[in-house]
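What follows is one structure encoded as structure tokens, with my remarks underneath.
Residue numbers (full-length UniProt numbering): 1 to 449.
This is the structure:
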């Protein structure tokens, strides 16, 4: 069943070359953070380019429940009248974060050091995901969390009345955990310190600094040491959300495997903590031109020209995982069309995403005739070349938007059509996916069409 209704079976078929411009939505990670920090500032924050997928809309609703005034003025144009650090009110109802692990974990962090109580839930997929990785460090501030066995939603969080600053080393690379701790540190006196051995996406640090928080990042032999001084008065901002590199990955990868394709993907974030996929694709032989590099909203962006390419399998360095963790599903899909094996290791984090993405991709690829070696922390996809992939299966999406989109991209170049049992969850992150891909010439349709 879909994340927000009955299943939406979809099928992708081999078609002609993809051509045109793919204007992908705003970055999901930045959209979540803009709403949350706007709600914690004093005054009106204006946001342009906000992703209007369900995940972000659920975060907007949560900020309203905590007392902020959140208004949509037009497509992608929003305003947030914040209540200030420590100004959240206790919500009257349960906070439903739908399918969004990022949303629920960041929101928990933002309220954990205010003396209020909130109960969180989500869809069937989100209720399976462990929350202990966030609630454990939040408990060090003095917050308490009560959830189902295994630290799962529904969960009630009781914010700390007298929070104390913490020094926390993130045990696994996770921007969600880092960000939750930093957000909790905003309403905590003194300095909160987060240590990450491997760098993860740094949108929170950039945006906190932009909103006026005092935050320092020191690079040491042990990793990044991030120090936040608590109880600032955050100042409202004008936030221009760049286009999401994780969403751009789907038309980019489709163009690389559909013969004759030549597309433009404008204004894509090139944040170095998010561009691991693009580095990897270039190493595989992808023809990607990074044009008109510039800065928008404090983030580096570029226009990408992408052409069909003959790809070769490579071994992806495990240390690159944090900069491309969400892109491994689509990478594994197009690795089937490369020459030789593509080795992906050090990605055990994929097992606790919206689904077990390692298992979901391995089983789906095998059903489509691709040989896959699954390992505890990764997999090896044995590429069959650009014309050698059979396809011809209906794959389970496991309520996971990235699994669904990855196999629909896969189906555009396979010899036989490839279906997914439920494309409904795609709306959580990429609501215009179907229209955008069809506009480029892709044959993707719902089963009833």
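Think of the CB as a built atom: it goes at the ideal place given N, C-alpha and C, for glycine as much as any other residue. Given the structure is predicted, the values throughout are model-derived calculations rather than measurements.
| Check | Outcome |
| --- | --- |
| Using a threshold of 8 Å, state whether the C-beta atoms of residue 446 and residue 9 are closer than that. | yes |
| Give me the Cα-Cα distance between residue 170 and residue 196, rounded to the nearest whole angstrom. | 5 Å |
| Could you name the residues of the same chain whose beta carbon sits closer than 6 Å to that of residue 185, not counting the 5 residues immediately before and after it, in chain order? | 192, 228 and 230 |
| Exposed or buried, residue 401, counting other C-beta atoms within 10 Å across all chains shown (16 or more means buried)? | buried |
| Does residue 241 come out as helix, strand or coil in the three-state DSSP assignment? | coil |
| In chain order, what are the residue ranges of uninterrupted beta strand (DSSP E) at least 3 long that sit wholly in the stretch 297-357? | 299-307 and 339-344 |
| When we look at the beta-carbon of residue 282 and count the other beta-carbons within 10 Å, is it buried (16 or more) or exposed? | exposed |
| Which same chain residues, not among the five before or five after residue 308, have their C-beta less than 8 Å away from its C-beta? | 17, 255, 256, 257, 258, 259, 260, 261, 262 and 287 |
| What do you get for residue 146, buried or exposed, if any count of 16 or more other CB atoms within 10 angstroms of its CB means buried? | exposed |
| To the nearest whole angstrom, what separates the beta carbons of residue 49 and residue 240, a pair I think is in contact under 8 Å? | 6 Å |
| Please classify residue 429: does DSSP put it in a helix, a strand, or coil? | coil |
| Apart from the five residues just before and just after residue 175, which ones in its own chain have a Cβ nearer than 6 Å to its Cβ? | 200 and 201 |
| Report the CB separation of residue 418 from residue 381 in whole angstroms; it is logged as a contact under 8 Å. | Not confirmed; about 15 Å, so no contact. |
| With 16 other CB atoms within 10 Å as the buried threshold, where does residue 442 fall? | buried |
| Out of 414, 423, 104 and 94, which one is the CA nearest neighbour of residue 179? | 104 |
| For residue 71, I'd like the list of residues in its chain whose CB is within less than 6 Å of its CB, leaving aside the five on either flank, ordered along the chain. | 79 |
| Would residue 347 pass as a contact of residue 325 if the rule is Cβ separation under 8 Å? | yes |
| Does DSSP put residue 10 in a helix, in a strand, or in coil? | strand |
| Helix, strand or coil for residue 111, going by three-state DSSP, please let me know. | helix |
| Between residue 83 and residue 60, which are expected to be in contact by the criterion C-beta below 8 Å, what is the C-beta distance as a whole number of angstroms? | Contact flag wrong, Cβ pair sits at about 15 Å. |
| Please report how far the alpha carbon of residue 1 lies from the alpha carbon of residue 123, in whole angstroms. | Note that residue 1 scores a pLDDT of 37, beneath 50, so its modelled location is shaky; the value from the coordinates is reported in the next line. For residue 1 and residue 123, the distance between alpha carbons rounds to 11 Å. |
| Residue 311: which of 336, 327, 289 and 203 sits nearest, CA to CA? | 336 |
| Considering only the beta carbon of each residue, do residue 377 and residue 345 sit closer than 8 Å? | yes |
| For a minimum of 4 consecutive residues, which ranges assigned as the alpha helix (DSSP H) are wholly contained in the stretch 25-95? | 28-40 and 54-65 |
| Where are the beta strand (DSSP E) runs, 3 residues long or more, that stay fully inside the stretch 225-294, in chain order? | 238-240 and 262-269 |
| What does the alpha-carbon distance come out to for the pair residue 279 and residue 318? | 13 Å |
| Which value, in whole angstroms, describes the spacing of the CA atoms of residue 211 and residue 421? | 43 Å |
| Here's the rule I'm using: 16 or more other beta-carbon atoms within 10 Å means buried, otherwise exposed. How should residue 55 be labelled? | buried |
| Pairs of beta-carbons, one from the stretch 237-251 and one from the stretch 349-366, closer than 8 Å: are there three or more? | no |
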